[in-house]
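Written below as structure tokens is the structure these notes are about.
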Amino acid sequence: MHREMKFSGGIIQRLLLSELHHNCPTDEMQFMLGNQSVRFSKVEFCLITGLRFGVIPDMTKYAAVENGIHQWYFPGADEVSLKEIRGVVTVVEFGKAYDAIKLYLLYILNWILIGVDERFKIPVWQFQLVEDLDAFDTFPWGAHMYRNSIYSFKHALDGRRYGFERRQQEKGTGVHTVETYNIYGLSHALLIFVVEVIPDLGKEFGAQRVIDLTPCILK
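So for the sequence shown, full-length UniProt numbering puts the first residue at 1; every next one is plus one.
In structure tokens, the structure reads:
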């Protein structure tokens, strides 16, 4: 069901507007759906995504790799954006077989899972980590993505009303009628959470399938 689900910004917007802020831990969210209070925490995120959780290591411990993909394909660049990586993987003939895999992993990780746009500068520690594919595979990406995602979800609406009113004053109420914003992180997990809590939504946004033990996001 969930693999065919169409993303709906409207559902995410309504969910965020229903957030309860009273006595809620900083690393989870609570929502009032109907007359029920429901929780979205690392437990639900893990069940939905199936991603690995654990203690997030110190990112500064990763050492630079001599002649690694960062130095080889982006010489002299302190920062590399997702757009630059896409430019390399689409035109470069790779001399080392695994270089393409490493760059694609970084692109998929940040574009799809972490959920940032192509202007995002990839942290140096990710370049260093991906040089060891076993270490990259065993890294607790679930914990890392949840930490980033929950922060983005909880602050997505901060200052939006003020910003909307200010832009209406600047441009005119008849001109600026819609306020848009970005939600970074694995927002699809939040959408799947809503569909699981309110099953009838699944009839509209995805075909029903038999329940199994596959992580929800892969169904």
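Ideal placement from N, C-alpha and C gives every residue a C-beta, glycine not left out.
* Inter-stretch contact (C-beta, 8 Å, three-pair minimum) for the stretch 78-87 and the stretch 110-121 -> As far as the Cβ criterion goes, the stretch 78-87 touches the stretch 110-121, which means the pair count is three or higher.
* Of the residues L47, V38, I56, N35, the one placed nearest A135, counting alpha carbons only -> The sequence position of residue 135 within the sequence shown is 135, counting from 1. It is I56 whose Cα lies nearest to the Cα of A135.
* **Cβ separation of G150 and E44, assumed to be a contact under 8 Å, to the nearest whole Å** => Here residue 150 is taken as the residue at index 150 of the sequence shown, counted from 1. Here residue 44 is taken as the residue at index 44 of the sequence shown, counted from 1. In the sequence on display, residue 150 carries Ile and not Gly. Between I150 and E44, the beta carbon gap of about 11 Å keeps them out of contact (Cβ cut-off 8 Å).
* Asked: Short check: CB of A143 to CB of T49, under 7 Å?
  -> Sequence index remark: in the sequence shown, residue 143 carries index 143 (1-based). Sequence index remark: in the sequence shown, residue 49 carries index 49 (1-based). Result no, Cβ atoms of A143 and T49 do not sit closer than 7 Å.
* **Residue closest to F139, alpha-carbon to alpha-carbon, out of M59, E79, I69** => Within the sequence shown, numbered from 1, the residue matching residue 139 stands at position 139. When only C-alpha atoms are compared, the closest one is M59.
* Asked: How close, in whole Å, do the beta carbons of F53 and C46 come, if the pair is a contact with beta carbons under 8 Å?
  -> Position 53 of the sequence shown holds residue 53. Position 46 of the sequence shown holds residue 46. Their Cβ separation, rounded to whole angstroms, is 6 Å, which keeps F53 and C46 in contact under 8 Å.
* Ends of the alpha helix (DSSP H) at F127? -> As a working note, residue 127 is residue 127 in the sequence shown. Its alpha helix (DSSP H) spans residues 124-130.
* To do: Give the range of the beta strand (DSSP E) segment to which M32 is assigned.
  => What you label residue 32 is simply residue 32 of the sequence shown in a count that begins at 1. Looking at the DSSP string, the run of the beta strand (DSSP E) that includes M32 is 29-33.
* Using the beta-carbon count (16 or more within 10 Å), is M32 buried or exposed? -> Residue numbering aside, residue 32 sits at position 32 when the sequence shown is read from its first letter. Exposed.
* Using the DSSP secondary-structure output, state which residues sit across from R39 in a beta bridge. => Counted from its first residue, the sequence shown places residue 39 at position 39. Beta-bridge pairing links R39 to Q30.
* **Assigned exposure category for L82 - 16 Cβ within 10 Å defines buried** => As a working note, residue 82 is residue 82 in the sequence shown. L82 counts as buried, since no fewer than 16 other beta carbons sit within 10 angstroms of its beta carbon.
* Can you tell me which of L103, I11, G115, W141 puts its alpha carbon nearest to the alpha carbon of L51? => Here residue 51 refers to the residue found at position 51 when the sequence shown is read from its first residue. Minimum Cα distance to L51 is reached at W141.
* Counting only the same chain and skipping the five closest in sequence on each side, list residues whose C-beta sits under 7 Å from that of V197. => The residue given as residue 197 occupies position 197 in the sequence shown. Taking V197 as the centre and dropping the five residues before and after it, the same chain places the C-beta of L33, V38 closer than 7 Å to its C-beta, in chain order.
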